[in-house]
Every structure is written in structure tokens, then in C-alpha cells.
Amino acid sequence: MRDPLIAIRNGEKLTLRDEIGLILKLSFPAILAQISSIIMQYIDASMVGHLGANASASIGLVSSSTWLFAGIMTAASMGFSVKVAHKIGAKDDISARNIVKWGLAVTVIFGIVLSFICSIISIFLPGWMGGDISIQKDASRYFLVYALSMPFRELLMVSQGMIQSSGNIRIPSILNVIMCGLDVIFNMIFIPRFGVLGAALGTALAIVIISFIMLYILLVKSEKLSIIGRNDGQNAGLQDFIKTEVPDALKIAIPVAIDNIIMGFAYVAFTRIVSPFGTTSIAANSFSITAESLCYMPGFGIGVAATTIVGQCIGAGRRKTAKRLGWMAVLLGMSIMGLSGVLMWIFAPQMIGLLSPDEEIRTLGTIVLRIEAFAEPFYGASIVAAGVFRGAGETLLSSVLNLFSVWFVRIPLAAFLGSFWGLKGAWIAMATELCVRGILFLVRLLLWNEGKKNK
Numbered sequence: 456m457r458d459p460l461i462a463i464r465n466g467e468k469l470t471l472r473d474e475i476g477l478i479l480k481l482s483f484p485a486i487l488a489q490i491s492s493i494i495m496q497y498i499d500a501s502m503v504g505h506l507g508a509n510a511s512a513s514i515g516l517v518s519s520s521t522w523l524f525a526g527i528m529t530a531a532s533m534g535f536s537v538k539v540a541h542k543i544g545a546k547d548d549i550s551a552r553n554i555v556k557w558g559l560a561v562t563v564i565f566g567i568v569l570s571f572i573c574s575i576i577s578i579f580l581p582g583w584m585g586g587d588i589s590i591q592k593d594a595s596r597y598f599l600v601y602a603l604s605m606p607f608r609e610l611l612m613v614s615q616g617m618i619q620s621s622g623n624i625r626i627p628s629i630l631n632v633i634m635c636g637l638d639v640i641f642n643m644i645f646i647p648r649f650g651v652l653g654a655a656l657g658t659a660l661a662i663v664i665i666s667f668i669m670l671y672i673l674l675v676k677s678e679k680l681s682i683i684g685r686n687d688g689q690n691a692g693l694q695d696f697i698k699t700e701v702p703d704a705l706k707i708a709i710p711v712a713i714d715n716i717i718m719g720f721a722y723v724a725f726t727r728i729v730s731p732f733g734t735t736s737i738a739a740n741s742f743s744i745t746a747e748s749l750c751y752m753p754g755f756g757i758g759v760a761a762t763t764i765v766g767q768c769i770g771a772g773r774r775k776t777a778k779r780l781g782w783m784a785v786l787l788g789m790s791i792m793g794l795s796g797v798l799m800w801i802f803a804p805q806m807i808g809l810l811s812p813d814e815e816i817r818t819l820g821t822i823v824l825r826i827e828a829f830a831e832p833f834y835g836a837s838i839v840a841a842g843v844f845r846g847a848g849e850t851l852l853s854s855v856l857n858l859f860s861v862w863f864v865r866i867p868l869a870a871f872l873g874s875f876w877g878l879k880g881a882w883i884a885m886a887t888e889l890c891v892r893g894i895l896f897l898v899r900l901l902l903w904n905e906g907k908k909n910k
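Remember, the working numbering sits 455 above the position in the sequence shown when you count from 1.
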């Protein structure tokens, strides 16, 4: 059976069966990795949750900040990963390997700088977030460990992204599952002894181990991207790389970074809105986000597959094929997340119950999860469509759409409704915004200009 990605690069016509098979083949390993990651978070949250509401709230207080900086690191790796997909699609493997070599160096240095900055602010962050004095110490320690692990997180992201861009999603997915298992083992060791700090240490150690394994796969074992033990002749130096590849990578990465910063600050602002509602609301908000993640992670998995597929289609000059496959991926994402939304509404009490023994947290968490369930199909549309546009290297308008929906719909509406109904009102605002965002991305995909080259 022929490989559809090779057929795309060779300019061959794909049958409908080929196209569906390609999307499913690349999506399901990525979905598995995303779900295993959320299961890891479930176990983390459950273990911390049994330490008490304060322990849960201390992590919830800084979680929005960790998402913010994770988004920035993702953007740094995204620019080079998409460029690798374009080069492979154009059958220019030597240039792809050159991007691997210098892209790794640039992104890891960036991770070190970011780690230094975040380590400095870790002591002040819980106070800035408006957290109660009783949870600030644990929150600060948790964020410090996160900050110190940033270079390894960046290394993991860029190595994984490049391997996935080559069309190999299975191996990174397997390694992510292994990382989740390691995290559970380390947390069982560290959390009983160190509490909240132990949760951060367990996750960080798992990331360090898998980041080096992922790097080994990329540099030594990857069929198209390995650079150790391979002689490509005279490769471009750092100066040529900066002139030829970095500008294009920045055109992709900067809008993604802006997008992630916008979303990150929105999460921070949302947490600030929720914080005055009390420790129970902070913990319920944090647990509900973790619980909901199990429903939307399949969308992110399909988005990863869409980025790889569309990226290689664009590199091969097959823009019409890229749009058609993009639509198929979006419809798959909406269908799966629609089903997951139904399941979340039905099993919301059990999902929250796994995370916390506190009855007040369980009751409030169940209510807000059922509110959010109605927005899942539209959230899926925005997630997968964003992956399509990343693969095409067209990330600016996606950032603009996110800016509008989050800051002009979610945040003001959450502040308004939250003043009347507390956490329930804030989550009604979130669900409304996700529906608006999904509609905006569907319209964007419908109007997407396929360009002059249509195959």
C-alpha cells in the first residue's frame, strides 16, 4: 500500500480513501498522545487534590502562567517545524536537515533565556495573581521548578515537532505515553514526601528524560532528518541560516507567539476574575479545566496531523489538496469533540470526582463542565483549523481572530456574568466565546485563498 505523503510529494493524485486514511493514520497516534497527557494531568491533579483544597488552589493559581509560557515556547519551535514540513514536501531533505541543526540551537538558547527570566519572577508571581497568602509559598515553588525545566521543555517541543513534520507521528506519540507513565511513577515517589513541590519535580524529571530520547530519535534515527552519521556535503552555516530560513520561520512563529501570549494573558485575566470567588472556586476552576482537557485533546491531536499534512502539501505546491484535506480534518475534529461533549455532560460528576474528594468542589465543577459541553464542537473547529493554517504558514489572521474572540467576548463577558453568578457566570462566558471563535475559524477556512497553484 502506497504512502499518501510520498504520493503528495511526488504529485500523484490521491483517492478519497487515500485522503481519509492519511488523516486517520496521522491523527490517532497524536490523539493517543494528547489523551495520555491529560490522563497524566488527571493523576497529578488527583494526587494533589487529596492533599487538600489549598494544595490544588496553589497549582491552579499559577497554571494560567505556565500555559502562557508554554505557548511562547511552542511558538519558538513551531516556526522551524513548519519549515521542515515545507522542505520535505518540496523534496529538499538537505535543507530540512540544516533547519534541524540550527533550529535546535536557536530554540534551546531561547529556552534557557526564558528559564532565567521566569526563575526570577517565580517568587513574585503568586502575589501578582492575587492568591491568598496561605497558598503563595507552594505556588511559587511549583512555578520555579517549571521555570528551571523550560530548556528541556523547549528541546522536547522542537524535536517532537520536527519529527512529526517529517510524517512520523507514531514515535513521538509513543514517547509521550511513556513520559506520562514516568510522570505518574515519579509523582508517586515525590508527592507524598514534598507535596505540591513533588508534583512539579515528578513532571520535570519525566520531561528531561524524554527530551533526550526525542533528541536522539531526531538526530540519529530519523530517516529524513538525522544529521549524525550522515554526510550532506557543504551545509549552510549559521549566518546563511539566519539570512535565508530565520525570516520565514519568524513569519510563522511571531504570530503564533502573539496568539499564545494573547491566550496566555487571557487565562491569567480569567484566573484574576475567578480568584475573588474564593479557594473553592479557584480549585473547581482548575480541576474543571483539567477535566475538560480530556474532551478537547483529540482536537489538538487532529490539529497536529493537519499541520503535518497541510505543510507537506504546501511544500509540494498542492494548495487545493491542502484545503480539501484541511476541511476533512476539521470535520473529523468537530465530530469527535461533539461526541466528547456529550460524554462530558453525562459523566461530569465522575470526572470531577476523580480529581477531588471535596463535595463543594465536585458540585461546582460538575455545573461548569456541563455548561462547557455545549461548546465543544465549535472549539474543535477552531483548534483543527488553526492547525491547518499553521501548516500553510499563515498564522497572522488566526492570531487576530483569537485576539478578538478572547478579549472582546470572553474576558468582558466573564467579568460581567461572574459578578452575578460567580464561577458559573464566568464559564457561561467561556462557552459563548468558544462558539464565537469556532464560527470565525470556519468562515476563515471557507474563504481561504488557495493561491494560484491548484492541484
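Beta carbons are placed, not taken as given, at the ideal position from N, Cα and C, and that holds for glycine.
Exercise. Determine the burial state of residue 840: buried for a count of at least 16 other Cβ atoms within 10 Å of its Cβ, exposed for fewer.
Key: Residue 840 sits at position 385 when you count from the first residue of the sequence shown. Buried, because 16 or more other Cβ atoms sit within 10 Å of the Cβ of residue 840.
Quiz prompt | Beta-carbon proximity of residue 604 to residue 654, cut-off 7 Å | solution = Start at 1 with the first residue of the sequence shown, and residue 604 comes out as number 149. Start at 1 with the first residue of the sequence shown, and residue 654 comes out as number 199. Not a contact, by the Cβ cut-off of 7 Å.
Practice problem: Would you grab the beta carbon distance between residue 578 and residue 595 for me? Rounded to a whole angstrom, and I think it's under 8 Å. | Solution: Taking the first residue of the sequence shown as position 1, residue 578 is located at position 123. Taking the first residue of the sequence shown as position 1, residue 595 is located at position 140. Residue 578 to residue 595, Cβ: 5 Å. Contact.
Quiz prompt | With 16 other Cβ atoms within 10 Å as the buried cut-off, status of residue 458 | solution = In the sequence shown, the residue the question calls residue 458 occupies position 3. With fewer than 16 other Cβ atoms within 10 Å, it is exposed.
Quiz prompt | Own chain residues within Cβ distance below 7 Å of residue 713, not counting five before or after | solution = Locating residue 713 in the sequence shown gives position 258, where the first residue counts as 1. Close CB contacts of residue 713 within its chain, under the 7 Å cut and outside five residues either way in sequence, are with 854 (chain order).
Quiz prompt | Buried versus exposed call for residue 906 [16 or more other C-beta atoms within 10 Å across all chains shown] | solution = By one-based count along the sequence shown, residue 906 stands at place 451. Residue placement at residue 906 cannot be trusted, given a pLDDT of 48 that sits under 50; what the coordinates show is reported in the next sentence. By the beta-carbon neighbour count (other beta carbons within 10 angstroms, threshold 16), residue 906 is exposed.
Quiz prompt | Beta-carbon proximity of residue 819 to residue 746, cut-off 7 Å | solution = For this step, residue 819 is matched to residue 364 along the sequence shown. For this step, residue 746 is matched to residue 291 along the sequence shown. Here residue 819 is not near residue 746, since their CB atoms are 7 Å or more apart.
Self-check item: Rounded straight-line distance, which links the Cα of residue 489 to that of residue 910
Solution: Walking along the sequence shown from the start, residue 910 turns up at place 455. Walking along the sequence shown from the start, residue 489 turns up at place 34. In this prediction, residue 910 has a pLDDT of 49, which is less than 50 and means its spatial position is unreliable; what the coordinates show is noted afterwards. Rounded to the nearest angstrom, the two C-alpha atoms are 32 Å apart.
Quiz item: To the nearest angstrom, how far is it from the Cα of residue 884 to the Cα of residue 864?
Solution: As a working note, residue 884 is residue 429 in the sequence shown. As a working note, residue 864 is residue 409 in the sequence shown. Between residue 884 and residue 864, the C-alpha separation is close to 8 Å.
Quiz item: In its own chain, which residues sit with a C-beta less than 7 Å from the C-beta of residue 515, not counting the 5 before and 5 after it?
Solution: Stepping through the sequence shown from its first residue, residue 515 is reached at position 60. Result list for residue 515: 737, 738, 740 and 741, in chain order.
Practice problem: Could you check what DSSP says for residue 685 in three-state terms: helix, strand or coil? | Solution: Locating residue 685 in the sequence shown gives position 230, counting from the first residue. Here residue 685 sits in coil by DSSP.
Quiz item: Which residues in the same chain have their Cβ closer than 6 Å to the Cβ of residue 512, if we skip the five residues on either side of it in sequence?
Solution: Looking up residue 512 in the sequence shown gives position 57. Hits under 6 Å: 590, 734, 737 and 738.
Quiz item: Do you know how far the Cα of residue 893 is from the Cα of residue 809?
Solution: Against the sequence shown, residue 809 aligns to sequence position 354. Against the sequence shown, residue 893 aligns to sequence position 438. When the Cα atoms are used, residue 809 and residue 893 turn out to be separated by approximately 30 Å.
Quiz item: Are there 16 or more other CB atoms within 10 angstroms of the CB of residue 811, so buried, or fewer, so exposed?
Solution: Stepping through the sequence shown from its first residue, residue 811 is reached at position 356. Residue 811 should be labelled buried.
Quiz item: Per DSSP, what kind of secondary structure is residue 829 in: helix, strand or coil?
Solution: What you label residue 829 is simply residue 374 of the sequence shown in a count that begins at 1. Residue 829: coil per DSSP, three-state reduction.
Self-check item: Cα-Cα separation, residue 525 to residue 795
Solution: Indexing the sequence shown from 1 puts residue 525 at position 70. Indexing the sequence shown from 1 puts residue 795 at position 340. Distance between the alpha carbons of residue 525 and residue 795: 25 Å.
Quiz prompt | Of the residues 509, 551 and 535, the one placed nearest residue 587, counting alpha carbons only | solution = As a position in the sequence shown, residue 587 is number 132, starting the count at 1. For residue 587, the nearest C-alpha among the options comes from 509.
Exercise. Following the continuous alpha helix (DSSP H) through residue 849, name the residue where it begins and the one where it ends.
Key: Residue 849 sits at position 394 when you count from the first residue of the sequence shown. Here residue 849 belongs to no alpha helix (DSSP H), and DSSP marks it neither H nor E.
Quiz item: Is it a yes or a no for the segment 692-712 touching the segment 527-537, going by three-plus beta-carbon pairs under 8 Å?
Solution: The way I'd put it, the segment 692-712 does touch the segment 527-537; three or more beta-carbon pairs between them come closer than 8 Å.
Self-check item: residue 865 in three-state terms, based on DSSP
Solution: In the sequence shown, residue 865 corresponds to position 410, counting from 1. In the structure shown, residue 865 sits in a helix (DSSP, three-state: H, G or I).
Self-check item: residue 715 in three-state terms, based on DSSP
Solution: The residue you call residue 715 lines up with position 260 of the sequence shown. Here residue 715 sits in helix by DSSP.
Quiz item: Candidates 476, 624 and 749: which alpha carbon is nearest residue 799's?
Solution: For the purposes of this step, residue 799 is taken as residue 344 along the sequence shown, with counting starting at 1. Among 476, 624 and 749, the Cα nearest to that of residue 799 belongs to 749.
Quiz item: Going straight from the alpha carbon of residue 882 to that of residue 826, what length do you get?
Solution: Locating residue 882 in the sequence shown gives position 427, where the first residue counts as 1. Locating residue 826 in the sequence shown gives position 371, where the first residue counts as 1. The straight-line gap from Cα to Cα measures roughly 7 Å.
Self-check item: Any non-hydrogen atom of the ligand FMN closer than 6 Å to residue 606 Cβ
Solution: The ligand FMN is not part of this structure, which contains no ligands at all.
Quiz item: Should residue 784 and residue 803 be called a contact, given that it needs their Cβ atoms to be closer than 7 Å?
Solution: The count along the sequence shown starts at 1 and reaches residue 784 at position 329. The count along the sequence shown starts at 1 and reaches residue 803 at position 348. By the CB criterion at 7 Å, residue 784 and residue 803 fall outside the cutoff.
Practice problem: Give every residue of the same chain whose Cβ lies closer than 8 Å to the Cβ of residue 502, excluding the five residues on either side of it in the sequence, and list them in chain order. | Solution: By 1-based counting over the sequence shown, the position of residue 502 is 47. Closer than 8 Å at Cβ, skipping near neighbours: 642, 643, 646 and 654.
Quiz item: Which value, in whole angstroms, describes the spacing of the CA atoms of residue 570 and residue 628?
Solution: As a first step, residue 570 is located in the sequence shown; it is residue number 115 there, counting from the start. As a first step, residue 628 is located in the sequence shown; it is residue number 173 there, counting from the start. Here the C-alpha atom of residue 570 lies approximately 26 Å from the C-alpha atom of residue 628.
Quiz prompt | Beta-carbon spacing of residue 754, residue 838 below 7 Å | solution = Here residue 754 refers to the residue found at position 299 when the sequence shown is read from its first residue. Here residue 838 refers to the residue found at position 383 when the sequence shown is read from its first residue. For residue 754 and residue 838, yes; Cβs fall inside 7 Å.
Quiz prompt | Buried or exposed (CB count within 10 angstroms, at least 16 for buried), residue 763 | solution = Indexing the sequence shown from 1 puts residue 763 at position 308. Residue 763 should be labelled buried.
Self-check item: As assigned by DSSP and simplified to three states, the class of residue 815
Solution: On the sequence shown, position 360 is the one that residue 815 refers to. Looking at residue 815 - three-state DSSP - the assignment turns out to be helix.
Quiz item: Which runs of the alpha helix (DSSP H) fall wholly inside the segment 715-801 and span at least 4 residues, in chain order?
Solution: Taking only runs of at least 4 residues, the alpha helix (DSSP H) segments lying wholly in the segment 715-801 are 734-770.
Exercise. Within 10 angstroms of the Cβ of residue 686, are there 16 or more other Cβ atoms? Answer buried if so, exposed if not.
Key: The residue labelled residue 686 in the question sits at position 231 within the sequence shown. Exposed, because fewer than 16 other Cβ atoms sit within 10 Å of the Cβ of residue 686.
Quiz item: Exposed or buried, what is residue 908 when buried is set at 16 or more other beta-carbons lying within 10 Å of its beta-carbon?
Solution: On the sequence shown, position 453 is the one that residue 908 refers to. Residue placement at residue 908 is poorly supported in this model, since its pLDDT is 46, which falls under 50; the coordinates still yield a value, given next. By the 10 Å Cβ count, residue 908 comes out exposed.
Practice problem: May I ask which residues mark the beginning and end of the alpha helix (DSSP H) holding residue 636? | Solution: As a first step, residue 636 is located in the sequence shown; it is residue number 181 there, counting from the start. 625-649 is the extent of the alpha helix (DSSP H) around residue 636.
Practice problem: Output yes if chain D places a C-beta closer than 7 Å to the C-beta of residue 663; else output no. | Solution: The displayed structure is made up of one protein chain only, and chain D is not part of it.
Quiz item: Can you give the Cα-Cα distance for residue 782 and residue 900, rounded to whole angstroms?
Solution: Numbered from its first residue, the sequence shown carries residue 782 at position 327. Numbered from its first residue, the sequence shown carries residue 900 at position 445. Straight-line Cα distance between these residues: approximately 8 Å.
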